[in-house]
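Residue numbers (my numbering): 2 to 153.
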């Protein structure tokens with residue numbers, strides 16, 4: 002059997018399939034309808050170890066009222082960072098009652114830790130400034146968290 006070296010076309014096709022696989026994995030996350038005041042949020046749900054690790058990495062754009070909610074297996078002072086994340090984001094850390102503890106703005110492709118100011122059960126990432134532009138702030142209680150899948 003003769004083995005041929007990989008051509009540029011083969012490399013391109015391999016990369017395309019790998020990216021398509023990553024995109025497919027991200028789009029198969031469950032969606033949840035959440036609410037903040039009068040605003041509806043369509044959130045992808047990161048409730049498994051793997052989806053919490055990947056989060057919004059490698060995304061280049063996100064619709065205005067779309068986000069990602071992280072469901073943690075325990076209430077703790079969780080931290081987020083932006084490795085391989087190309088979108089500037091705001092993250093709201095929430096307690097078990099879906100009340101916002103604190104909100105942090107995060108810049109793309111940084112490894113600065115952004116942590117909950119108190120034990121949090123959830124984190125909700127939205128495009129940067131989303132919470133501030135809508136007057137959503139610490140102490141506000143969000144809707145829809147009671148219907149989220151259990152963490153795994």
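Where is the CB? At the ideal position from N, CA and C, for every residue including glycine.
Beta-carbon proximity check, residue i vs residue j, cutoff 8 Å
{"i": "residue 69", "j": "residue 47", "result": "yes"}
{"i": "residue 60", "j": "residue 32", "result": "no"}
{"i": "residue 104", "j": "residue 91", "result": "yes"}
{"i": "residue 79", "j": "residue 121", "result": "yes"}
{"i": "residue 155", "j": "residue 153", "result": "Outside the displayed span of the chain (2 to 153) sits residue 155, for which this structure offers no information."}
{"i": "residue 132", "j": "residue 99", "result": "no"}
{"i": "residue 125", "j": "residue 86", "result": "no"}
Residue i (DSSP reduced to helix, strand or coil)
{"i": "residue 117", "result": "coil"}
{"i": "residue 19", "result": "Any answer about residue 19 is weak, because its pLDDT of 46 lies below 50 and its placement is not dependable; what the coordinates show is given next. Reduced to three states, the DSSP call for residue 19 is helix."}
{"i": "residue 153", "result": "coil"}
{"i": "residue 14", "result": "Only weak support exists for where residue 14 lies, its pLDDT of 46 falling under 50; the value from the coordinates is given anyway. Residue 14: helix per DSSP, three-state reduction."}
Of the residues the options, the one placed nearest residue i, counting alpha carbons only
{"i": "residue 45", "options": "127, 140 and 132", "result": "127"}
{"i": "residue 35", "options": "71, 50 and 53", "result": "71"}
{"i": "residue 141", "options": "109, 113, 97 and 78", "result": "97"}
{"i": "residue 119", "options": "139, 150, 144 and 37", "result": "139"}
{"i": "residue 109", "options": "55, 134, 125 and 129", "result": "129"}
{"i": "residue 111", "options": "77, 84, 67 and 74", "result": "84"}
{"i": "residue 156", "options": "114, 135, 149 and 43", "result": "As displayed, the chain neither begins before 2 nor continues past 153, which places residue 156 out of reach and without an answer."}
{"i": "residue 117", "options": "134, 62 and 95", "result": "95"}
{"i": "residue 134", "options": "106, 144, 149 and 55", "result": "106"}
{"i": "residue 74", "options": "39, 53, 62 and 113", "result": "53"}
{"i": "residue 123", "options": "41, 64, 40 and 143", "result": "143"}
{"i": "residue 40", "options": "150, 113, 77 and 136", "result": "136"}
Residue i, enclosing alpha helix (DSSP H) - first and last residue
{"i": "residue 53", "result": "50-55"}
{"i": "residue 133", "result": "131-134"}
N-terminal and C-terminal residue of the beta strand (DSSP E) that residue i is part of
{"i": "residue 112", "result": "From DSSP, residue 112 is part of no beta strand (DSSP E); its letter is neither H nor E."}
{"i": "residue 98", "result": "Counting along the chain, residue 98 falls outside any beta strand (DSSP E), and DSSP gives it neither H nor E."}
{"i": "residue 62", "result": "Per DSSP, residue 62 belongs to no beta strand (DSSP E) and is neither H nor E."}
{"i": "residue 35", "result": "32-37"}
One or two residues paired with residue i in a DSSP bridge
{"i": "residue 92", "result": "105 and 126"}
{"i": "residue 67", "result": "43"}
{"i": "residue 81", "result": "115"}
{"i": "residue 72", "result": "123"}
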